[in-house]
Each structure stands twice: as structure tokens, then as C-alpha cells.
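Comments concern the structure below.
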Amino acid sequence: MSLLIAKKYLEKLGKANRIITFTVSTATVSLAALALGVNEGQIAKTLAFGNGLQAMVIITAGDVKIDNAKFKAEFGFKARMLNPEETLFYTNHEVGGVCPFGMKTETAIYLDQSLLAYEVIYPACGDAASAVKLTPEELSQMIPYRKWIDVCKPKEKNNESFQQAN
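Numbering (the numbering used here), first residue to last: 1 to 166.
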């Protein structure tokens, strides 16, 4: 159902021909990057947050994570990801396929500046086995986002974290 919502949204914009579907799951950044043969940073993650009063999604590059201090400075509350039921309710999409296409209008959309490091990005397209190829500029022209923000930091590398712990 979510793929159909996203597809209808993209059809209205003449971008449905950019949808890529897979026979494997692309529900995580690493799975999507592997399926597409691209850098993990090019996978545009759509993360859903809320504080009980409002819900929002933030679209980030796949190679970063939310910086809690930056998030709180920007929004005034601690970052709390929505649970799967809340995510579906506020976004029209299930976890693994959350995207900014066909979302409920009351859910705020923000774009993180981490996306600008890449010429081409691949947001999900409504389910765990789809994506759409866009530039960050195209994405910003296609969705009703509130503003560009800077709430992310680089992910720690597993090897570096392991070495630092020993």
C-alpha cells in the first residue's frame, strides 16, 4: 500500500519512472547500498521522530547519525524515534520504507545538510524493496519540507570503536 501512495505522489510530479524496485530487502542503509552498488552515504534515510505533541521526519545521508545535542538545540526536545505503529500513522509508510512521498500533511519534513555531500541520493519509495534516484535539489523541489537543518554527525566506524575500546 505504501509503495502505491509514493508512486501516485511521484506520478503527479513526472518522476515515477525513477522508481527502482528490488527482489531483495533494502530496508537498511547497508542493504540498500549493496543492492544499488553505491556508497552508504547516498542512501537517504528518512527518520521519524516525535515528542507526543508533534511528529516529524528528517531526511539524512546514510553515513551519518543524529547528534542529540544538535537535535535538541534545533527542536527544543530530546530526539525520540517513533515506534512502528506511530511511524505508519504519521507517515503513511512502514518502517523500512519511510519516505517523504505521500506523507500526511501535518507531519513536518526536514532535510539535513548531510545530503548535500552527494550528487545523487536514493530515498526509499514506500516499502522495504524500493528506492528512487534523485539529486538533493530535486528532492527539495518535490516535497513540502520546512527547512534545511544540521542535526547530524558522522557515524563511528566499527573498527575504530573496537580499537578505542581495547
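Think of the CB as a built atom: it goes at the ideal place given N, C-alpha and C, for glycine as much as any other residue. All figures in this text were calculated on a predicted structure; none of them were measured in a lab.
Item, Value
"Between the Cα of residue 24 and the Cα atoms of 18, 16, 35 and 151, which residue gives the shortest distance?", "35"
"Please state whether DSSP places residue 29 in a helix, a strand or coil.", "helix"
"Helix, strand or coil for residue 70? Go by DSSP, reduced to three states.", "helix"
"What is the DSSP secondary structure of residue 157, reduced to helix, strand or coil?", "coil"
"Got a sec? Which residues, its chain only, sit under 7 Å from residue 151 by beta carbon, not counting five neighbours each side?", "58, 66, 67, 70, 71, 74 and 112"
"Contact check, residue 29 vs residue 43 under 8 Å by CB: the rounded distance?", "5 Å"
"Out of curiosity, what's the CA-to-CA distance linking residue 80 and residue 16?", "32 Å"
"Determine, using beta-carbon pairs with one atom in the segment 81 to 88 and one in the segment 112 to 131, whether at least three such pairs fall under 8 Å.", "no"
"Could you check how far apart the C-beta atoms of residue 41 and residue 131 are, in whole angstroms? I think they sit under 8 Å.", "Not confirmed; about 14 Å, so no contact."
"What separation, rounded to the nearest whole angstrom, lies between the Cα atoms of residue 49 and residue 94?", "14 Å"
"Taking the DSSP output, what are the residues bridged to residue 127?", "Beta-bridge pairing links residue 127 to no other residue."
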